[in-house]
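Worksheet: the structure to be examined is printed underneath.
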Amino acid sequence: MSYHVDEFGYYGNFGGAFIPELLYKNVQELQENYLKIIYEPEFQKEFTNLLHDYVGRPTPLYLAKRLSEKYNTNIYLKREDLNHTGAHKINNTIGQILLAKRLGKTRIIAETGAGQHGVATATVCALMNIECVVYMGEVDIKRQAPNVARMKLLGAKVVPATCGSKTLKDATNEAIRDWINNSQNTHYIIGSVVGPHPYPDMVARFQSVISEEIKKQLKEKIGKENPDAVIACVGGGSNAAGAFYHFLNEENVKLIGVEAAGKGIDTGHTAATLAIGTPGVIHACKTMLMQDVYGQITEPYSISAGLDYPGIGPLHAHLHETKRAQFISITDEEALQAAFQLCKLEGIIPALESSHALAALEKITYSEQETIVINLSGRGDKDLETYMKQMNAQEEKQTHLQNQ
Ligand SMILES: Cc1ncc(COP(=O)(O)O)c(C=O)c1O
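Counting in my numbering, the sequence shown runs from 26 upward without gaps.
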């Protein structure tokens, strides 16, 4: 069984490039050149140096002692939250900006949900002195305000997406529209393992540094490269793809992807694509997606802007179909409790997205001897307002109960 993309851009039944004719030239240019460019020694040198000196890699693999005690097993956190700009997204944007430069592009566009990919894109554009436009849903602009401010400070133009649920899907639609209108000079930095081939494979390769480091770090720490399980949250699926990448063919490593259940997978307010989705085409890619009987995309919902997406990368659709990976879903409430727990036990404030991965510890089975790696995809600074609201509500409820 192969878990890598084939020559036509497919992972089993999923993938491909369902693009409008106007984008054909751009996408074909990428398909024909991406591997050649990214494996040039000069490219690799520049990429690795920037990851090291600018991003701060390798990120630590931290044995979370108190969390491990609580769950009576061995839990390591891969600290992508410690990257420059606060999440794993920067690994991919560094790679894609270097590629865009080599393709002679002078303008960058991106979509963003939680704002982490937008910030990472604005950052590399400032670094390389390239014009940057970021599309972001109106709802996300409100709930991730600190990241909007960051993007603006970094010199990017943030354009609100005002259609549909006004979240990530709608921002992606706007970005694709822009690309069609400006295809000659513009490179579209897609922020996850979604979109037409070669994006899912290209983004996975840039993010694969995560599992490459996990292997080395585990070898140093416990004398073997492979953990028993790797857990990561899945929006489009880039941090999970990066954390799984070098373990895909290690069948004894359990791969666990965590989707956002929102208010519950049967409530109509969810983003758990694999739990309720069916095959279809979204953003130029055949994959699993949430749609109604007429093939109209269902509006997703999650408290976490980065997981609030009705599709999923084709790699994950394939891992799900072949049962190579297990996918579970976590509600808003479960993610919030997992976030509060990590704050108190380890002194780490996780991103709401990453909190979904942490909450999986309540849902899976493991033994005392196992080594579990959780990819802590980002830090929680951007989510403080949501956390405070929830904390205040909990405190009010407690005071009310005490006064009764
Ligand atoms: C911290 C963090 N984790 C996870 C995600 C989800 O994206 P992906 O599934 O591509 O890793 C996001 C998206 O914005 C994010 O900001």
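For each residue, glycine too, the CB sits at the ideal point set by N, CA and C. Quick caveat: nothing in here was measured; it's all calculated off a predicted structure.
(Q) Comparing C-alpha positions only, which one of 342, 203, 417 sits nearest to residue 313? (A) As a first step, residue 313 is located in the sequence shown; it is residue number 288 there, counting from the start. Comparing Cα positions, the closest option is 342.
Q: Going by DSSP, name the residue or residues bridged to residue 103.
A: Mapped onto the sequence shown, residue 103 falls at position 78. Bridge partners of residue 103: 86, 400.
Q: Reducing DSSP to helix, strand and coil, say where residue 284 ends up.
A: Mapped onto the sequence shown, residue 284 falls at position 259. Strand, per DSSP.
Q.
Within a Cβ cutoff of 6 angstroms, which residues of the same chain sit near residue 188, ignoring the five residues on either side of it in sequence?
A. Here residue 188 refers to the residue found at position 163 when the sequence shown is read from its first residue. Cβ within range, chain order: 195.
Q: Per DSSP, which residues does residue 183 bridge with? Please list them.
A: Position 158 of the sequence shown, counted from the first residue, corresponds to residue 183. The partner list for residue 183 (beta bridge, DSSP) reads 159.
Q: Please indicate yes or no: does the CB of residue 433 lie closer than 7 angstroms to some heavy atom of ligand 1?
A: Residue 433 is absent from the model: the chain starts at 26 and stops at 429.
Q. Buried or exposed: residue 425, going by 16 or more other Cβ atoms within 10 Å of its Cβ?
A. Within the sequence shown, residue 425 is the residue found at index 400, counting from 1. Flag for residue 425 reads exposed.
Q) Is the beta carbon of residue 244 sitting closer than 8 angstroms to the one on residue 237? A) Reading the sequence shown from its first residue, position 219 is the one you call residue 244. Reading the sequence shown from its first residue, position 212 is the one you call residue 237. Contact flag unset, no.
Q. At what residue ranges does the stretch 230–278 contain a whole run of the beta strand (DSSP E), taking only runs of 3 or more?
A. 254–258
(Q) In whole angstroms, give me the CA-to-CA distance for residue 408 and residue 377. (A) Taking the first residue of the sequence shown as position 1, residue 408 is located at position 383. Taking the first residue of the sequence shown as position 1, residue 377 is located at position 352. About 7 angstroms.
Q: With a threshold of 16 other CB atoms inside 10 Å of the CB of residue 431, please say whether the residue is buried or exposed.
A: Absent from the model: residue 431. The displayed extent of the chain is 26 to 429, so no value can be given.
(Q) Tell me whether residue 260, by its Cβ, gets closer than 7 angstroms to a heavy atom of ligand 1. (A) Taking the sequence shown and counting its residues from 1, one reaches residue 260 at position 235. At least one heavy atom of ligand 1 is nearer than 7 angstroms to the Cβ of residue 260, so yes.
Q.
Bridge partners for residue 352 per DSSP, in chain order?
A. Within the sequence shown, the letter at position 327 stands for residue 352. Note: residue 352 sits in a beta bridge opposite 282.
(Q) Following a CB-centred definition, is residue 264 positioned closer than 7 angstroms to any heavy atom of ligand 1? (A) Locating residue 264 in the sequence shown gives position 239, where the first residue counts as 1. At least one heavy atom of ligand 1 is nearer than 7 angstroms to the Cβ of residue 264, so yes.
Q: Please determine if the stretch 146–153 and the stretch 166–185 are in contact, where contact requires at least 3 C-beta pairs separated by less than 8 angstroms.
A: yes
Q: Report buried or exposed for residue 414, applying the criterion of at least 16 other Cβ atoms within 10 angstroms of its Cβ.
A: Along the sequence shown, read from residue 1 onward, the residue named residue 414 stands at position 389. Answer is exposed; the Cβ neighbour count stays below 16.
**Q.** Counterpart residues of residue 306 in DSSP-defined beta bridges
**A.** Residue 306 sits at position 281 when you count from the first residue of the sequence shown. DSSP output for residue 306 lists 311 as bridge partner(s).
Q: Consider the C-beta atom of residue 336 and the heavy atoms of ligand 3; say whether any pair is separated by less than 7 angstroms.
A: The model on display carries ligand 1 but not ligand 3.
Q | Those residues which DSSP pairs with residue 335 across a bridge | A | Within the sequence shown, the letter at position 310 stands for residue 335. Per DSSP, none; premise fails for residue 335.
Q | Classification of residue 230 by the beta-carbon crowding that lies within 10 angstroms, buried from 16 upward | A | If you number the sequence shown from 1, residue 230 lands on position 205. Buried: at least 16 other Cβ atoms inside 10 Å.
Q) Roughly how many angstroms lie between the CA atoms of residue 159 and residue 131, to the nearest whole one? A) In the sequence shown, counting from the first residue as 1, residue 159 sits at position 134. In the sequence shown, counting from the first residue as 1, residue 131 sits at position 106. In a straight line, the C-alpha of residue 159 is about 15 angstroms away from that of residue 131.
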